[in-house]
Structure formats: C-alpha cells, structure tokens
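Asker: The structure follows.
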Amino acid sequence: MNRRFVSCYESWLEGQKSDLADLLRISGTPGASQMQLRLITDQCLRNYASYMEQRRSLAHEDGPAYFCPPWCTSFENSVLWMGGCRPSLIIRLLYSLTGYEMEAHLDQYLQGLRTATNVGLMALSARQLQQVNDLHQRTLRAEDRLTSRLATLHEDVADKPLLPIVKERQRTDAASTSSAAVAASSASSLQNFGDGHSGFAAGGNGDAAAALQTYADGQSNLVEQADALRMSTVRALATEILNPSQAVEMLIAAKQLHLSVHTWSLERDRQHGRE
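Structure below.
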C-alpha cells in the first residue's frame, strides 16, 4: 500500500483531534459569541473539504483500496459504505443526541424545571425538525442510488469485459494443451483471480489489466460521489439548518464518536492478534 494513502488518513485523524480540542474549548468558554462558534464550525468544514479533496485524488489512483482500506480497523471496515460512513449517519446521530438529551434530563422536564426550548439540540424548532427530516429523506434516496450503482458494478464482474477475456484464454489454452492441462490452467486462473494476482496479467495479457482498471475507475467514481454526499450533508446541517451553538454540539459528538470507535476497535484488533 502506497504510504501516501496511510499518511492521508493518519493526518486526518490528527486533524480530528485538533478540531475536537478547539470545539471543546469554544463550547466551554462562557459567553462565546455566535461569530466565534460559526468560525470554528467553518474551520472544521474547511478541514473536512480538504480531506475530501485529498481522498478524491488518491481514489483516482486506486479506487478499490477505499472499499476495504488497510489503514482502518477490521470493525471500521465492516461498517464502511463507499469508503466511509453513510452520509445519513450524521443525521441519525443528531436524532440520537436529541433523544439522549431528553432522557438525561427527563426528571427536570417532568418537574417543569427545564424545557426543550432552552437546551442545546433540544432547542430544535418545528421548522428545523422538518428541514432535518427533508434532508434525511433526500440523503437516503441518494444513498440508495449509489448503492444500486455499486451493485451493478459488482454484477458486471460476471459479464463484459472480464468474461470474454476468460473465455478467450480458455480457447487459446485448449488449442495448445491437453484436456488435463486445460483443467489445471483453469483452476489456477480462478485461484489467481480470487487471490487478486491475475494469471492473465502475469501472462502479459494487457486486456485483463485494462478490464480490472475499468472496474477500479468505476469504484473511484463512486467514492468521489459518496464523499460529495457526505460533505454536502454535513454542510447543510451545520450551516443551513442548525444554529452555531447546535452545529458545534453536533460536530463535537461526531468527532468524539469517530475517534472513540477508532481507538476501541484498534484495541479489539490487538486482542484478536491483528496489529
């Protein structure tokens, strides 16, 4: 794996920690102005956009790497969608935070000591809730379209352009070898394909490499579009729907969740002998 891919992700993790520290500092500052809150939100979004741009460039070099990245833990890879988290996850997080806030202060609500209109994300207005719901529905539809395209790409592996190359290789082998040799060659070819070491490419057949590159290009395109959806969803929440204080609260929770899951799943990998 090219070190640049790993460095990109490691730099992003460090950036997440730095942004989280800034967010916590601002949120814990008594009397922090709306402008200060907006500035720190904009900083986080700029850093996210910069990371997306780096990913786009790297994905064009090796799109398949983002579908099971070795720089992530096994748990993180198990929940990946198009090389990252589902865009709708940030909306689900927002709903969860709202419900958690209500549960945490339920006694005070029942006693009339606290109302939903004066507490963080519980201060979401009816208009905001409708906007969040509309965004959620649009995001889910966009996710479904991309998922459908990925399914089609998966199914195409059993069709053109790879299948004709396989059949042509078999025809060529049959013309020059015995039946026993053909059977052995076919088994070897299938094993090599499954292992990611194509016998076609090793044999100097550039058609196989070109076919695989076609699929890789399709995957890199999907990663780019998924990243764009992730970016637009976060931006819509942070700058168009939530107020500055709510946006900061959401970003803090998102970064804490990301960093915590990464740390915990690293430890889990170590316990299972995966370093």
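To convert, count from 1 in the sequence shown and add 488; that's this note's numbering. Quick reminder that beta carbons are idealized off the backbone N, C-alpha and C, glycines included.
Helix, strand or coil, according to DSSP, for glycine 694 in the structure here?
Answerer: Glycine 694: helix per DSSP, three-state reduction.
Asker: Is leucine 487 near proline 732, with beta carbons less than 8 angstroms apart?
Answerer: This structure gives no information on residue 487, because the portion of the chain shown stretches from 489 to 763.
Asker: Taking all protein chains shown into account, do 16 or more other C-beta atoms lie within 10 angstroms of the C-beta of alanine 698, making it buried, or fewer, making it exposed?
Answerer: Label assigned to alanine 698: exposed.
Asker: So for glycine 572, helix, strand or coil by DSSP?
Answerer: Strand, per DSSP.
Asker: Residues in the same chain with beta-carbon distance under 6 angstroms from alanine 735, minus the five sequence neighbours each way, listed in chain order, please.
Answerer: The residues are Thr529 and Ala726.
Asker: If you draw a straight line from the alpha carbon of arginine 637 to that of threonine 627, how long is it in whole angstroms?
Answerer: In a straight line, the C-alpha of arginine 637 is about 16 angstroms away from that of threonine 627.
Asker: How is aspartate 550 classed by DSSP in three states: helix, strand or coil?
Answerer: Aspartate 550: coil per DSSP, three-state reduction.
Asker: If you pair each beta-carbon of the stretch 561 to 572 with each one of the stretch 750 to 757, do three or more pairs fall below 8 angstroms?
Answerer: At 8 angstroms Cβ cutoff, the stretches touch.
Asker: Can you say whether leucine 582 is buried or exposed, counting buried as having 16 or more other CB atoms within 10 angstroms of its CB?
Answerer: Classification for leucine 582: buried.
Asker: Which value, in whole angstroms, describes the spacing of the CA atoms of arginine 543 and glutamate 498?
Answerer: C-alpha separation (whole angstroms): 12 angstroms.
Asker: How about leucine 710 and leucine 650: do their beta carbons lie closer than 8 angstroms?
Answerer: Going by C-beta atoms, leucine 710 is not nearer than 8 angstroms to leucine 650.
Asker: Can you look up threonine 529 in the DSSP assignment and give me helix, strand or coil?
Answerer: Helix, per DSSP.
Asker: Among Leu512, Arg492 and Met570, whose alpha-carbon lies nearest the alpha-carbon of glutamate 712?
Answerer: Nearest of Leu512, Arg492 and Met570 to glutamate 712, Cα basis: Met570.
Asker: With a threshold of 16 other CB atoms inside 10 Å of the CB of glycine 761, please say whether the residue is buried or exposed.
Answerer: Exposed is the call here.
Asker: Can you tell me whether proline 518 is buried or exposed? The criterion is at least 16 other CB atoms within 10 Å of its CB, across all chains shown.
Answerer: Flag for proline 518 reads exposed.
Asker: Please classify lysine 655 as buried or exposed, where buried requires at least 16 other C-beta atoms within 10 Å of its C-beta.
Answerer: So lysine 655 ends up on the exposed side.
Asker: Could you tell me the boundaries of the alpha helix (DSSP H) in which serine 636 lies?
Answerer: First-last of the alpha helix (DSSP H) with serine 636: 614 to 643.
Asker: In angstroms with no decimal places, state the Cα-to-Cα distance between alanine 704 and arginine 491.
Answerer: The alpha-carbon atoms of alanine 704 and arginine 491 are separated by roughly 19 angstroms.
Asker: Whole angstroms are fine: how far does the CA of glutamine 701 sit from the CA of aspartate 695?
Answerer: Approximately 10 angstroms between the Cα atoms of the pair.
Asker: Would you mind sorting alanine 690 into buried or exposed? The rule is 16 or more other CB atoms within 10 Å of its CB.
Answerer: Interpretation of alanine 690 is limited by its pLDDT of 44, a score under 50 that renders its predicted location unreliable; no figure is taken from the coordinates.
Asker: Within 10 angstroms of its Cβ, does serine 686 collect 16 or more other Cβ (buried), or is it exposed?
Answerer: In this prediction, serine 686 has a pLDDT of 43, which is less than 50 and means its spatial position is unreliable; what the coordinates show is noted afterwards. Under this definition serine 686 is a buried residue.
Asker: Taking all protein chains shown into account, do 16 or more other C-beta atoms lie within 10 angstroms of the C-beta of serine 748, making it buried, or fewer, making it exposed?
Answerer: By the neighbour-count rule (16 or more Cβ atoms within 10 Å), serine 748 is not buried but exposed.
Asker: Mind checking glutamate 737: buried by the 16 CB within 10 Å criterion, or exposed?
Answerer: It is buried - the Cβ of glutamate 737 has at least 16 other Cβ atoms within 10 Å.
Asker: Rounded to whole angstroms, what's the CA-CA distance from cysteine 556 to serine 521? Just pull it up for me.
Answerer: Cysteine 556 and serine 521: Cα-Cα distance of roughly 42 angstroms.
Asker: In the DSSP assignment, find the alpha helix (DSSP H) that holds serine 506 and state where it starts and stops.
Answerer: Per DSSP, serine 506 belongs to the alpha helix (DSSP H) from 491 to 515.
Asker: Roughly how far, in whole angstroms, is the beta-carbon of alanine 741 from the beta-carbon of leucine 568, given that I think they are within contact range, below 8 angstroms?
Answerer: Alanine 741 to leucine 568, Cβ: 20 angstroms. No contact.
Asker: By how many angstroms is the C-alpha of glycine 551 removed from the C-alpha of arginine 629?
Answerer: One C-alpha to the other measures close to 23 angstroms.
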